[in-house]
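Mapping of the sequence shown onto my numbering: residues 16 to 243, in sequence order.
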Amino acid sequence: ENLINRIDTLKNVNIDIIINNAGRGCTKPFFQTSTSGMAYEQMIALHIRVPTLLIRHYVPKMLDRPSRIVNISSEISYMSSPRAAMYASTKAFLTQLTTSLDYEIEQFNDSNSKNNVSLLLATPGPTLNTEFDHHDDSVVFRLPFVTLTAEQVASQIVDACLRGDRFCTPGWANQLTIWLMTKVPLNFTHLVCWLLWASWSEVKQWLYERRHLVIVCFNLIFFLFVLT
Numbered sequence: 016e017n018l019i020n021r022i023d024t025l026k027n028v029n030i031d032i033i034i035n036n037a038g039r040g041c042t043k044p045f046f047q048t049s050t051s052g053m054a055y056e057q058m059i060a061l062h063i064r065v066p067t068l069l070i071r072h073y074v075p076k077m078l079d080r081p082s083r084i085v086n087i088s089s090e091i092s093y094m095s096s097p098r099a100a101m102y103a104s105t106k107a108f109l110t111q112l113t114t115s116l117d118y119e120i121e122q123f124n125d126s127n128s129k130n131n132v133s134l135l136l137a138t139p140g141p142t143l144n145t146e147f148d149h150h151d152d153s154v155v156f157r158l159p160f161v162t163l164t165a166e167q168v169a170s171q172i173v174d175a176c177l178r179g180d181r182f183c184t185p186g187w188a189n190q191l192t193i194w195l196m197t198k199v200p201l202n203f204t205h206l207v208c209w210l211l212w213a214s215w216s217e218v219k220q221w222l223y224e225r226r227h228l229v230i231v232c233f234n235l236i237f238f239l240f241v242l243t
């Protein structure tokens, strides 16, 4: 509210674009995170409260000129994710808010005989050089093709915005991930997300404890490959 009040006091300032990019991440298990910490409160504020207030306040003021709202969500917003429960949940809110308001704003435009305000939902995957707690140890941030730099993500989002796109998922690997994770059973999604957010040492320990099953699976895959 303070930010909105400060902006509204400025004279001759028109808001033509809103980019809800501020965010906070945490890959620690939900019950291992200190309740005295601010991570969860910040995620709720940055991913839910702030975008909602900004959109609600400024969209009616943006109808008389071409305007754009860009909400930076995450590919994980399409999945339920152990180790990133709050991050996935709050980003899911932003994704659903954007897709829902996309239709409402279209009707809002039509009712005012204008089509000026448009929305872009960006759902990037793992991005380097961002404020994400404990990400240095996570497997997902070391995967080629999946992990992009902040500059690569920003460039693709800007291009999508200039084209007038409504959706943007930077990187073909992340687009494929969203498609796959929404098709497979939920338990499989949970396992994949848990392993990806885990550290290498945790993954190695998990594989070691299940080494006999892993060997059987590899042999089965090899056998099927030979048959085909």
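Every residue gets a Cβ at the ideal spot worked out from N, C-alpha and C, and that includes glycine.
Note that the structure is a prediction, hence the values are computed from the model and not measured.
Let me confirm a value: residue i is counted as buried when at least 16 other C-beta atoms fall within 10 Å, else exposed. Which label applies?
| i | result |
| --- | --- |
| Pro159 | exposed |
| Pro139 | buried |
| Ile87 | buried |
| Glu90 | buried |
| Val132 | buried |
| Met53 | exposed |
| Ser82 | buried |
| Asn189 | buried |
| Asn234 | exposed |
| Ala37 | exposed |
From the DSSP secondary-structure annotation, give me the bridge partner or partners of residue i.
| i | result |
| --- | --- |
| Arg83 | Ile32 and Ser133 |
| Ser214 | Ser153 |
| Thr142 | Leu163 |
| Phe45 | None; Phe45 has no bridge partner. |
| Phe182 | Leu136 |
Step through the CB atoms of chain B and report whether any lies within less than 8 Å of the CB of residue i.
| i | result |
| --- | --- |
| Pro66 | The structure shown has no chain B; it contains just one protein chain. |
Taking the alpha-carbon positions, what's the residue i to residue j distance?
| i | j | result |
| --- | --- | --- |
| Val65 | Asn17 | 11 Å |
| Trp194 | Leu206 | 17 Å |
| Leu211 | Asn29 | 43 Å |
| Thr24 | Glu166 | 33 Å |
| Val168 | Val231 | 39 Å |
| Tyr93 | Ala103 | 8 Å |
| Arg71 | Gln111 | 15 Å |
| Ser214 | Phe203 | 19 Å |
| Leu116 | Arg80 | 18 Å |
| Pro200 | Asn20 | 46 Å |
Three CB pairs or more closer than 8 Å across the stretch 164-184 and the stretch 71-81 = no
Is the stretch 221-239 touching the stretch 102-110, taking contact as three or more C-beta pairs under 8 Å?
-> no
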